[in-house]
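Order-wise, the sequence lines are chains F and Z.
78 is the number of the first residue of the first sequence in my numbering; add one for each residue after it.
78 is the number of the first residue of the second sequence in my numbering; add one for each residue after it.
Protein chains: 2
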Amino acid sequence: MTEEVPGPAEAVDSVLTALADPTRRRLLHLLAARGEVTATVLAEGLPVSRQAVVKHLAVLDAAGLVTARRAGRKVRYSVQPAALDATARWMSSLAADWDRRLARIKRLAEAAEQDPPPQP
Amino acid sequence: MTEEVPGPAEAVDSVLTALADPTRRRLLHLLAARGEVTATVLAEGLPVSRQAVVKHLAVLDAAGLVTARRAGRKVRYSVQPAALDATARWMSSLAADWDRRLARIKRLAEAAEQDPPPQP
DNA sequence: GCGACGTGCAACCCTGGAGTTGCATCCACT
DNA sequence: AGTGGATGCAACTCCAGGGTTGCACGTCGC
């Protein structure tokens, strides 16, 4: 399930929904800490069943946050920073955009305060 | 509902869950575009009821993404970039952390390849 | 004061998704 | 070959939360 190149909007959407779940975030932390681990091992460090972990990993994989590497009868997952970084940049530019708009609106409001508008 | 100073973890959590909902993201875009608007006006530009918008605004407010300003009988909301920016930074540093760990692990793996490990 | 507009509150559906259990399947190892 | 460990698949439960409706409350304008 590492295919399908989505547009930036869908990418951001999937990353955000993936990151919204606390269990998934814990999973990511575990993965980042331990490198390449199987779902079964990950489940041992979490208060949920292996199946739940597998489902979460599928979501994270779809969001591009992790990748699965099959080795014989076991599948090891590892973290993939690119998608996270992309979303971080997107978010940061969004914040900058808001800042610009806010500054502009504030400037307009101040101008209108000492200069009564033409509308009654 | 603009009080309670949460730790960084809770802050990130609330921002992420707030951003996970598509309707809430549309709300934020509307707010960023139009400046200071009331919930009723916002609801006109969305396919949901005013009450739904109010609930979403409450969530966004709790996450620190918007603020409410009461003026007479109407309440105008506006976007607040600080919380978004903070989460963006957090996310970015997390990605950098993953990158470091990945590089380290890859380096170890390569070293172990030409140098058979002591475990049988 | 009184009507109208805008909000706040509460109770209520209903769907998505997080989690579980049980079993089938596959692969390594002896 | 056969056994045990690891993954995959499917059906099922359960509840948080997104959405709605109806009404009460406050505030502006006349």
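Virtual Cβ for every residue (Gly too), placed ideally from N, Cα, C.
Using a 10 angstroms sphere on the CB of R150 (chain F), the tally of other CB atoms stays under 16, which defines it as exposed. Membership of A145 (chain F) in the beta strand (DSSP E) is indicated by the continuous run V143 to A148. DSSP assignment within the stretch 107 to 193 of chain Z yields the following whole alpha helix (DSSP H) runs of 4 residues or more, N-terminal first: 116 to 121, 127 to 139 and 158 to 191. Counting along the chain, the unbroken alpha helix (DSSP H) around D90 (chain Z) starts and ends at P85 to A97. Three or more Cβ pairs closer than 8 Å define a contact, and the stretch 129 to 141 of chain F meets that threshold against the stretch 85 to 102 of chain F.
For P85 (chain Z), none of the residues of chain F pass the 9 Å Cβ criterion, the least Cβ distance being about 13 Å. With fewer than 16 other beta carbons inside 10 angstroms of its own, T117 (chain F) counts as exposed. Contact of L161 (chain Z) with chain F by beta-carbon distance below 9 Å involves M168, S169, L171, A172 and W175. Against chain Z, the CB of A88 (chain F) has no partner CB under 8 Å away; the residue lies outside that interface. Contacts with chain F at 8 Å (Cβ-Cβ) do not include G141 (chain Z). Nearest neighbour of R181 (chain Z) by Cα position, chosen from F:E113, F:T100, F:A95 and F:P99, turns out to be F:E113. Between H133 (chain Z) and the set Z:R103, Z:R184 and Z:A160, the nearest pair of CA atoms involves Z:R103.
Using a Cβ-Cβ cut-off of 8 Å, V156 (chain F) counts as an interface residue toward chain Z, since at least one Cβ of chain Z sits closer than that to its own. The C-alpha of A135 (chain Z) lies about 14 Å from the C-alpha of A120 (chain Z).
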